[in-house]
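A.B. asks:
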Amino acid sequence: DGMKLVQTRAILNYIATKYNLYGKDAKERALIDMYTEGVADLGEMILLLPLCPPNEKDAKVASIKEKSTNRYLPAFEKVLKSHGQDYLVGNKLSRADIQLVELLYYVEELDPSLLANFPLLKALKTRVSNLPTVKKFLQPGSQRKPPMDAKKLEEAKNIFRIK
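Note that the working numbering numbers the sequence shown so that position 106 is 106, with each residue one more than the last.
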């Protein structure tokens with residue numbers, strides 16, 4: 001539509017608003033923002049894991065697993081359980097649900113067993129993953145990128161001059 005934006009969150013908020021994925025009022029938007037910030041916190045830990053020095057990697061993975069199973073995933077599971085609805089906010093798909101499901105894929109790629117004790121999160125993941133546009137995006141050959149392998153990591157380190 002010609003709108004020019006920078007900054008990931010500004011772009012996500014704009015798209016979410018445009019496609020009615022950002023709540024019906026200020027209260028819902030605040031909840032969506034709160035949940036997406038939690039998603040971003042854990043997601044950042046996982047996304048930065050490949051940059052961790054090899055001698056620190058095992059400890060970092062253990063920390064991420066501990067925080068996933070004892071803090072983040074229980075919090076999201078509790079939200080779904082507390083209101084008995086299919087989605088995090090307003091019983092309607094929102095940007096928070098989509099970003100949480102993306103995070104759940106990252107968590108599973110780290111360790112598939114981490115979701116074992118979170119049936120409502122697994123159900124949300126299935127529900128969102130079966131939406132036609134999401135399902136298409138998750139198919140092999142789509143724009144979704146697999147976890148970074150050693151070759152891609154070295155390319156990224158060279159581009160950003162990371163030692």
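For glycine and all other residues, C-beta sits at the position ideal for the given N, C-alpha and C.
Contact defined as beta carbons within less than 8 Å: I believe residue 68 pairs with residue 101. What is the distance between those atoms, to the nearest angstrom?
C.D. replies: Stepping through the sequence shown from its first residue, residue 68 is reached at position 68. Stepping through the sequence shown from its first residue, residue 101 is reached at position 101. Contact doesn't hold; Cβ gap of about 15 Å is too wide.
A.B. asks: Run the CB neighbour count on residue 6, radius 10 Å, all protein chains shown included, and call it buried at 16 or more, exposed below.
C.D. replies: Here residue 6 corresponds to residue number 6 of the sequence shown, with the count starting at 1. So residue 6 counts as exposed.
A.B. asks: What whole-angstrom Cβ distance do residue 29 and residue 35 have, given they're in contact under 8 Å?
C.D. replies: Taking the sequence shown and counting its residues from 1, the one referred to as residue 29 is at position 29. Taking the sequence shown and counting its residues from 1, the one referred to as residue 35 is at position 35. About 11 Å separates the two Cβ atoms, so there is no contact after all.
A.B. asks: Counting Cβ pairs closer than 8 Å, one from the region 10-24 and one from the region 87-102, do we hit at least three?
C.D. replies: yes
A.B. asks: State buried or exposed for residue 157, treating a residue as buried only when at least 16 other CB atoms are found within 10 Å of its CB.
C.D. replies: Translated into positions along the sequence shown, residue 157 becomes position 157. It counts as exposed.
A.B. asks: What's the C-alpha gap between residue 12 and residue 43?
C.D. replies: Within the sequence shown, the letter at position 12 stands for residue 12. Within the sequence shown, the letter at position 43 stands for residue 43. Roughly 16 Å separates the two Cα atoms.
A.B. asks: Return the residue from the list 40, 51 and 113 that minimises the CA-CA distance to residue 160.
C.D. replies: Counting from one through the sequence shown, the residue named residue 160 turns up at place 160. Residue 51 is the option with its Cα nearest to residue 160.
A.B. asks: So, are the CB atoms of residue 81 and residue 120 less than 9 Å apart?
C.D. replies: For the purposes of this step, residue 81 is taken as the residue at position 81 of the sequence shown. For the purposes of this step, residue 120 is taken as the residue at position 120 of the sequence shown. Result yes, Cβ atoms of residue 81 and residue 120 sit closer than 9 Å.
A.B. asks: Answer with buried or exposed for residue 137, where buried requires no fewer than 16 other C-beta atoms within 10 angstroms of its C-beta.
C.D. replies: Taking the sequence shown and counting its residues from 1, the one referred to as residue 137 is at position 137. It counts as exposed.
A.B. asks: Would you check if there are 3 or more beta carbon pairs closer than 8 Å linking the region 112-131 to the region 74-88?
C.D. replies: Because the criterion of three Cβ pairs below 8 Å is met, the region 112-131 and the region 74-88 touch.
A.B. asks: Are the CB atoms of residue 99 and residue 91 nearer to each other than 9 Å?
C.D. replies: Position 99 of the sequence shown, counting from 1, holds the residue named residue 99. Position 91 of the sequence shown, counting from 1, holds the residue named residue 91. No, the Cβ-Cβ distance between residue 99 and residue 91 is not below 9 Å.
A.B. asks: In whole angstroms, what is the alpha-carbon distance linking residue 124 and residue 153?
C.D. replies: The residue labelled residue 124 in the question sits at position 124 within the sequence shown. The residue labelled residue 153 in the question sits at position 153 within the sequence shown. So the two alpha carbons sit approximately 31 Å from each other.
A.B. asks: DSSP three-state label for residue 144, please.
C.D. replies: Within the sequence shown, residue 144 is the residue found at index 144, counting from 1. Reduced to three states, the DSSP call for residue 144 is coil.
A.B. asks: Is residue 7 helix, strand or coil by DSSP?
C.D. replies: As a first step, residue 7 must be located in the sequence shown, where it is residue number 7. Residue 7: coil per DSSP, three-state reduction.
A.B. asks: For residue 85, report the span of its alpha helix (DSSP H) as first-last.
C.D. replies: Reading the sequence shown from its first residue, position 85 is the one you call residue 85. First-last for residue 85: undefined, no H or E at that position.
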